[in-house]
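Working notes, beginning with the structure itself.
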Amino acid sequence: MNSTTVRRAGLSIAVVAALTGVAACGSSDSDKDGGKAAGKTVTHVSPIAALRSAEKSTDNADSAKVRSTTSVGDLMSMTANGALTWGDGLKGNLTITYTGGQMAEMMKKAGTSSMEARYLPDAYYAHMSDAYAQQAGGGKHWIKYSYDDLAKLGGASGSYMKDQIQNATPNQSVKLLLASGDVKKVGEETVSGAHTTHYSGTVNVADLAGKTSNLSADQLSALKKQLSQAGVTTDTVDIWINDQDLLVKKSEKANTSNGVMTNTTYYTDYGAKVTAEAPPASDTKDFADMMKSGGLASGGTGTSS
């Protein structure tokens, strides 16, 4: 695999990791006015009231451990494990392992099937294999993707990535249900040993702007823009909320421009201490510099091979 192909693979890895590793639990403009409703059971309140309480409690929890599985058409299947904090800008670490699809094959060619993804308020870092480092990184293992640089890549999709990564919290799925207008309580179930209430709904992105829902017009507009930029047309969301009004499980199935996306994510240990620091500069390569030196077109669609 030549250096141009390797660099292009690096962009694809960043895009997929950003959109599925974090954006699957991304959010924007979260309402932080309300405090936690610790200990309050959601069993006997309306679905809308329960979701609003869960949105605030989950957002205000500030951090959690995350474990997820995701698939997107024949593009990829992957797992992600780690922890994130969002109280003062996104920080955290995820280990992303590609288990199938085109991305898994691409990663094998780059010498690995998994990578560490590190998130800081201004940039996303990907730790690559020794083989990749030698071929594309000048011997450096970490690639830095500035969110501002991501916003310049691929036009709208780059802006979407920047938005989603910088504003990641586990309650995007709650917002989606509030936007759907057809939230229903499925029942009460045990998840990871905890009593939970299960809610479900389906979002039709084309109908969002004119929909009467439980979000403001600005929130609906922003949500529609984000989903449309990701190529999502419909999104069915199931969430499980525990007796402390915290989201403990989310399942999603969406039709996207890359095929059907499925995701299941578990959230545990809310309030866990999460630390993340920028990798050593001596072992870090800036992706913007790689793009310049490789002569790739915007969005990693260079024609050389």
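Residue numbers for the sequence shown follow the working numbering, beginning at 841 and rising by one. For glycine and all other residues, C-beta sits at the position ideal for the given N, C-alpha and C.
Helix, strand or coil at residue i [DSSP, three-state]
i: M943; result: helix
i: K1132; result: helix
i: D902; result: coil
i: L934; result: strand
i: Y1110; result: coil
i: L891; result: helix
i: A1121; result: helix
i: K1025; result: strand
i: T1052; result: The predicted model places T1052 with a pLDDT of 48, which falls under 50 and marks its position as unreliable; any figure quoted below should be read in that light. T1052: coil per DSSP, three-state reduction.
i: S953; result: coil
i: L915; result: coil
i: D1126; result: strand
i: L1086; result: coil
i: K980; result: coil
i: S886; result: coil
i: S1097; result: coil
i: S1091; result: strand
i: A863; result: Because A863 sits at a pLDDT of 47, beneath the cut-off of 50, its placement in the model cannot be relied upon, and the following sentence gives the value as read from the coordinates. If DSSP states are grouped into helix, strand and coil, A863 belongs with the helices.
Nonlocal neighbours in the same chain, by C-beta distance under 6 Å from residue i, ignoring five residues either side
i: T1052; result: Legend: pLDDT at T1052 = 48, less than 50; position of this residue unreliable, value from coordinates given subsequently. Once the five neighbours on either side are set aside, T1052 has no close Cβ partner at all.
i: A1094; result: V1072, D1075, M1101
i: V1014; result: L891, A894, E895
i: N1098; result: V912, G913, L915
i: S986; result: A963
i: G929; result: P961
i: T898; result: P1010, N1011, L1086, L1087
i: N1221; result: Since the first residue shown for the chain is 841 and the last is 1145, residue 1221 is missing from the structure and cannot be characterised.
i: Y1106; result: R907, K1089
i: D871; result: Caution is warranted here: a pLDDT of 39 is assigned to D871, below 50, making its placement in the model unreliable, and the coordinate value is therefore given only provisionally. Cβ within range, chain order: n/a, list empty.
i: D1078; result: S1040, S1091
i: G940; result: S917
Chain-order list of residues whose beta-carbon lies under 8 Å from that of residue i (same chain, five-residue window excluded)
i: K931; result: L924, T925, Y959, L960, P961, V1114, T1115, A1116
i: D1123; result: K980, H981, W982
i: A901; result: K876, L1086, Y1110, G1111
i: A1034; result: N1082, D1083, V1088
i: V793; result: For residue 793 there is no data in the structure shown, the boundaries of the chain being 841 and 1145.
Span of the alpha helix (DSSP H), counted from its first residue to its last, around residue i
i: D1075; result: Where D1075 is concerned, there is no enclosing alpha helix (DSSP H), although the beta strand (DSSP E) it sits in stretches over 1074-1082.
i: L1017; result: 1012-1020
i: A1116; result: Run containing A1116: none; DSSP gives neither H nor E here.
i: D970; result: 970-976
Supposed contact pair residue j and residue i - C-beta distance, whole angstroms, cut 8 Å
i: N1011; j: E895; result: 5 Å
i: M955; j: M916; result: Not a contact, Cβ separation roughly 13 Å.
i: T1108; j: S1032; result: 7 Å
i: A950; j: A966; result: That belief does not hold up - the Cβ atoms of A950 and A966 are roughly 11 Å apart, past 8 Å.
i: G978; j: K1132; result: Contact flag wrong, Cβ pair sits at about 13 Å.
i: F1127; j: K984; result: 6 Å
Span of the beta strand (DSSP E) around residue i
i: A963; result: 963-967
i: G1041; result: 1034-1044
Cβ-heavy atom distance, residue i to the ligand GTP, below 7 Å
i: A973; result: With respect to the ligand GTP, the structure shown offers nothing to examine, as it has no ligands at all.
Sequence-distant residues of its chain with Cβ nearer than 7 Å to residue i (five each side left out)
i: S969; result: A950, G951, T952
Say whether the region 887-900 touches the region 1035-1043, bearing in mind that this needs 3 or more beta-carbon pairs closer than 8 Å, one atom from each stretch. yes
Are the region 1018-1037 and the region 898-912 touching, with three or more C-beta to C-beta distances below 8 Å? no
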